[in-house]
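So the sequences go chain by chain: A and B. Quick note: the first sequence uses this note's numbering, first residue 5, plus one each step. Quick note: the second sequence uses this note's numbering, first residue 74, plus one each step. For glycine and all other residues, C-beta sits at the position ideal for the given N, C-alpha and C. Keep in mind it's a predicted model, so treat the numbers as computed, not measured. Down below is the structure, laid out as structure tokens.
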Amino acid sequence: DVKVTQSSRYLVKRTGEKVFLECVQDMDHENMFWYRQDPGLGLRLIYFSYDVKMKEKGDIPEGYSVSREKKERFSLILESASTNQTSMYLCASSPRGVGNQPQHFGDGTRLSIL
Amino acid sequence: GESVGLHLPTLSVQEGDNSIINCAYSNSASDYFIWYKQESGKGPQFIIDIRSNMDKRQGQRVTVLLNKTVKHLSLQIAATQPGDSAVYFCAENSGGSNYKLTFGKGTLLTVNP
């Protein structure tokens with residue numbers, strides 16, 4: 005089975021802090037994604053990466069950056085955390101393959117910014 | 074803009090009944106669709122997918138139907154069990170992209186014993 009592991013289930017940080025969310029997958033997938041999930045809004049794509057050191061902006065990249073130094077690890081960075089970034093953050097991965105492939109998700113990090 | 078949507082936000086069924094969860098999509102260029110299940114406190118779990126060259130696909134106790142004429146997707150769960158209680162949402166591949174998905178907002182399925 006695909007295993008996507010997010011380093012923290014719950015995290016509480018203060019406004020203005022720099023926050024790192026880590027994600028590791030063990031299936032040698034090329035594609036990795038960061039989403040946030042908010043009630044009534046569904047999943048929204050923040051950033052994705054299709055290869056090491058490659059990144060693309062998603063639908064809501066403002067206030068975030070990402071890092072992909074190794075194939076298995078994709079980090080989301082909140083440069084200066086704000087209260088409106090309180091949310092559930094979900095990491096996913098998928099193989100490149102021929103044609104479409106499903107994304108597989110971790111169990112999320114519930115981040116609170118005080 | 075075009076988006077994936079759901080007809081019903083909540084669905085309550087009796088244990089043992091069949092459940093049908095619906096999804097409407099508006100992007101006619103989408104050719105790949107996925108159903109996910111999300112239990113409380115967990116991440117979305119892949120259930121089943123279907124490509125646009127198919128009308129129906131079956132898994133274990135689940136069937137996905139695709140009607141491209143009316144841009145409609147449904148998930149049928151046979152003999153629904155209490156463990157099926159979760160939020161279910163569909164996703165489409167955003168106009169043919171091979172890795173970018175657009176997600177619906179979800180339907181909460183509650184199974185009554």
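Inter-segment contact for the region 88-96 of chain A and the region 23-43 of chain A is present: three or more beta-carbon pairs are separated by less than 8 Å. In the DSSP secondary-structure assignment, Gln10(A) is bridged to Cys27(A).
When Cβ-Cβ separations below 8 Å define contact, Tyr172(B) makes contact with chain A. Tyr51(A) has a beta carbon lying at 8 Å or more from every beta carbon in chain B. Sequence-ordered contacts of the region 110-123 of chain B with chain A read Lys115, Gly116, Pro117, Phe119, Asp122 [C-beta pairs closer than 7 Å]. Per DSSP, Glu73(A) is one residue of the beta strand (DSSP E) stretching across 68-74.
Taking each of Arg124(B), Val137(B), Gln131(B) in turn and checking the Cα distance to Ser101(B), the smallest one comes out for Arg124(B). The beta carbon of Pro106(A) falls within 8 Å of a beta carbon belonging to chain B, placing the residue at that interface.
Asn95(B) is bridged by DSSP to Ser147(B).
In this structure, Val8(A) sits near His108(A), with a CB-CB distance shorter than 8 Å.
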